[in-house]
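Counting in my numbering, the sequence shown runs without a single skipped number right up to 221 at its last residue.
For each residue, glycine too, the CB sits at the ideal point set by N, CA and C.
Only one structure is covered here, and it is reproduced in the block below.
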Amino acid sequence: MAFTDTIHDEADEFWSAILDHPMVVRLGEGSLDEEPFRYWVRQDYVYLVEYSRLFALGAAKAPTLDSMGTFASLLESTVNEEMDLHRSYAAEFGIDLAELEATTPSPTTRAYTDFLVRTATLGSFGDIVAALLPCMWGFNETGRRLADAGTPDHEQYAAWVEMYAGDEFTELTDWCKSLMDDVAASATESDRERYRDLFRTSAQYEYLFWDAAWRREEWPL
1 MAFTDTIHDE ADEFWSAILD HPMVVRLGEG SLDEEPFRYW VRQDYVYLVE
51 YSRLFALGAA KAPTLDSMGT FASLLESTVN EEMDLHRSYA AEFGIDLAEL
101 EATTPSPTTR AYTDFLVRTA TLGSFGDIVA ALLPCMWGFN ETGRRLADAG
151 TPDHEQYAAW VEMYAGDEFT ELTDWCKSLM DDVAASATES DRERYRDLFR
201 TSAQYEYLFW DAAWRREEWP L
């Protein structure tokens, strides 16, 4: 069994909880109230800014020119293309750039991004790959599961499903999984154990990110 299959199975409770979460279920049905999703869009913008830093640090720590180039390309496309797409998508929900830029990270968003950036700053290249993979894999798996159930009867939700279930995002996810397997193959047992822990923690945060949007989590004080 591939290393990525093993760590995915070990985190199955989080993937199952995401797919069964009422926000994800209603998103797929097209019946989700837009307020939790508007919250998700704003928080995801904040998240993407910090997530981009992992690609920068990944490029700096990459062991080969190929992986360095790919991480550099991911940084460029995320900052200059995906962020623009996110801003355009947010506008469809009445969220302008000023509102996106003024978004305060929720407690969950802050904790998740701090974990990712700290891991990327202090950890190895393998640590970075293990920590960032659950975001890609989780969204691809969610998008594909919802797509298999049928297109939501909601234009913007359907676009979300189509993007994350699409061939381009699936190929990116598969590339990152393959990279994780390659890194793990030459790693020590203690390194692989650390990758498992990092992957599991990120998977748990992926669930918490959905749940925070559903609850529209705010700072208590």
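Would you list, in sequence order, the uninterrupted alpha helix (DSSP H) runs of no fewer than 4 residues that lie entirely inside the stretch 118 to 169? Here the runs fully enclosed are 125 to 149, 155 to 165.
Determine whether the beta carbon atoms of A203 and P134 lie at a separation below 7 Å. A contact, by the Cβ cut-off of 7 Å.
Quick check on this structure: which residue in A120, Y205, D148, D182 has the alpha carbon closest to the alpha carbon of K61? For K61, the closest C-alpha among the options A120, Y205, D148, D182 is that of A120.
When the Cα of D84 is compared with those of L48, T103, T70, S106, which residue comes out closest? Nearest of L48, T103, T70, S106 to D84, Cα basis: L48.
DSSP three-state label for M180, please. Looking at M180 - three-state DSSP - the assignment turns out to be helix.
L54 and L122: beta carbons closer than 7 Å? Going by C-beta atoms, L54 is not nearer than 7 Å to L122.
Cβ separation of A222 and V161, assumed to be a contact under 8 Å, to the nearest whole Å: Nothing about residue 222 can be read from this structure; the chain reaches only from 1 to 221.
In the structure shown, what three-state DSSP assignment does M1 receive? If DSSP states are grouped into helix, strand and coil, M1 belongs with coil.
Beta-carbon proximity list for T142, same chain, < 8 Å, skipping 5 on both sides: Closer than 8 Å at the Cβ level, and outside the excluded window around T142, lie I18, L19, V24, Y164.
Along the alpha helix (DSSP H) that carries E217, what are the first and last residues, could you check? Neither: E217 is in no alpha helix (DSSP H) and is coded neither H nor E.
CA-CA distance, F3 and T201? When rounded, the separation of the alpha-carbon atoms in F3 and T201 is 16 Å.
Euclidean distance between Cα positions of D114 and L132: Going from the Cα of D114 to the Cα of L132 covers about 13 Å.
Mind checking which residues open and close the alpha helix (DSSP H) that includes D84? For D84, the enclosing alpha helix (DSSP H) starts and ends at 83 to 91.
Cβ atoms of V46 and T109: under 7 Å apart, would you say? With respect to the 7 Å criterion, T109 and V46 are classified as neighbours on the basis of their beta carbons.
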